[in-house]
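Taking it in order: structure first as structure tokens, then the write-up.
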Amino acid sequence: MLVHNDVRQCLLYDSDEKNARLIGIEYMITPQLFETLPPEEQKLWHSHIYEVKSGMLVMPNNIVPDRIWAAAEHKEMENVVHLYGKVYHLWQTDAGHTLPLGEPKLMTSFIADGQLDFSRVKQRDGKFGTSYEVKKAQREDIEEPNIHPNADRTWK
Numbered sequence: 370m371l372v373h374n375d376v377r378q379c380l381l382y383d384s385d386e387k388n389a390r391l392i393g394i395e396y397m398i399t400p401q402l403f404e405t406l407p408p409e410e411q412k413l414w415h416s417h418i419y420e421v422k423s424g425m426l427v428m429p430n431n432i433v434p435d436r437i438w439a440a441a442e443h444k445e446m447e448n449v450v451h452l453y454g455k456v457y458h459l460w461q462t463d464a465g466h467t468l469p470l471g472e473p474k475l476m477t478s479f480i481a482d483g484q485l486d487f488s489r490v491k492q493r494d495g496k497f498g499t500s501y502e503v504k505k506a507q508r509e510d511i512e513e514p515n516i517h518p519n520a521d522r523t524w525k
């Protein structure tokens with residue numbers, strides 16, 4: 370959801386089912402807003418280049434015809450590739466927790482090959498009827514922005 374032109378907020382769920390659990394929140398900001406943050410704060414944010422360019426990031430859809438949706442998703446990825454994200458996970462459902470336990474955890478994203486087991490992405494693709502490999506090929510034309518040196522600090 371767009372808060373204003375420089376800030377988005379995304380609710381993260383553990384599935385697309387009607388009983389899905391809210392497991393996290395991601396804030397996304399523009400490079401211009403990122404530049405105004407103190408250096409220590411900047412280190413808590415991650416880039417979206419790898420998520421976009423690898424095909425890992427998708428916008429699930431089961432209503433709009435594929436061709437129309439693919440064009441809309443591509444346009445959105447042209448925007449997201451420039452944004453910096455900060456994610457808090459609230460509920461570790463993948464660890465079997467039946468309710469949110471402990472403090473929220475600051476998370477990051479993958480920024481290079483070898484950091485993610487893509488067999489999990491393939492499972493997701495099977496569920497949503499999509500393909501990260503197809504998305505990756507479709508996004509080859511998306512230009513990669515320069516990333517601020519303070520971003521993606523988890524991996525540096």
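Heads up: the sequence shown begins at 370 in the numbering used here, then just goes up one per residue. In this text, a Cβ means the ideal position worked out from N, Cα and C, and glycines have one as well.
Ends of the alpha helix (DSSP H) at Gly495?
-> Within the sequence shown, numbered from 1, the residue matching residue 495 stands at position 126. Phe487 to Phe497 is the extent of the alpha helix (DSSP H) around Gly495.
If we count Cβ pairs, one from each stretch, closer than 8 Å, do we get three or more for the region 411-419 versus the region 518-525?
-> yes
Where Trp460 and Val503 are concerned, what is the direct C-alpha to C-alpha distance, given to the nearest angstrom?
-> Here residue 460 is taken as the residue at index 91 of the sequence shown, counted from 1. Here residue 503 is taken as the residue at index 134 of the sequence shown, counted from 1. Roughly 31 Å separates the two Cα atoms.
Pull up the distance between the alpha-carbon of Pro408 and that of Pro518, whole angstroms please.
-> One-based indexing of the sequence shown puts residue 408 at position 39. One-based indexing of the sequence shown puts residue 518 at position 149. Answer to the nearest angstrom: the Cα atoms are 10 Å apart.
Span separating the alpha-carbon of Leu380 from that of Leu406 = Residue 380 sits at position 11 when you count from the first residue of the sequence shown. Residue 406 sits at position 37 when you count from the first residue of the sequence shown. Their backbone Cα atoms lie some 23 Å apart in a straight line.
Using alpha carbons as the reference points, say which of Gly483, Gln484, Ser500 and Val456 lies closest to Lys474.
-> As a position in the sequence shown, residue 474 is number 105, starting the count at 1. Nearest C-alpha to Lys474: Val456.
Indicate the three-state DSSP secondary structure (helix, strand or coil) for Lys387 in the structure shown.
-> Numbered from its first residue, the sequence shown carries residue 387 at position 18. Coil, per DSSP.
From Gly465 to Asn388, what distance separates their C-alpha atoms?
-> Your numbering for residue 465 matches position 96 in the sequence shown. Your numbering for residue 388 matches position 19 in the sequence shown. Looking at the two C-alpha atoms, the distance is approximately 16 Å.
7 Å CB neighbourhood of Asp383 in its chain, flanking five on each side removed = Taking the sequence shown and counting its residues from 1, the one referred to as residue 383 is at position 14. Ala389, Arg390, Ile392 and Thr462.
State buried or exposed for Arg433, treating a residue as buried only when at least 16 other CB atoms are found within 10 Å of its CB.
-> The residue you call residue 433 lines up with position 64 of the sequence shown. Looking at the sequence itself, residue 433 is Val, so the reference to Arg does not match. Burial call: exposed.
With 16 other CB atoms within 10 Å as the buried threshold, where does Gly424 fall?
-> Sequence index remark: in the sequence shown, residue 424 carries index 55 (1-based). Per the 10 Å Cβ criterion, buried.
Three-state secondary structure (DSSP) at Gln378?
-> As a first step, residue 378 is located in the sequence shown; it is residue number 9 there, counting from the start. DSSP places Gln378 in strand when its eight states are reduced to three.
Return the residue from the list Val372, Ile398 and Glu447 that minimises the CA-CA distance to Arg508.
-> Mapped onto the sequence shown, residue 508 falls at position 139. The candidate whose alpha carbon is nearest that of Arg508 is Glu447.
Proximal residues to Asn430 (C-beta, below 6 Å), its chain only, five neighbours per side dropped | Translated into positions along the sequence shown, residue 430 becomes position 61. Result list for Asn430: Trp438, in chain order.
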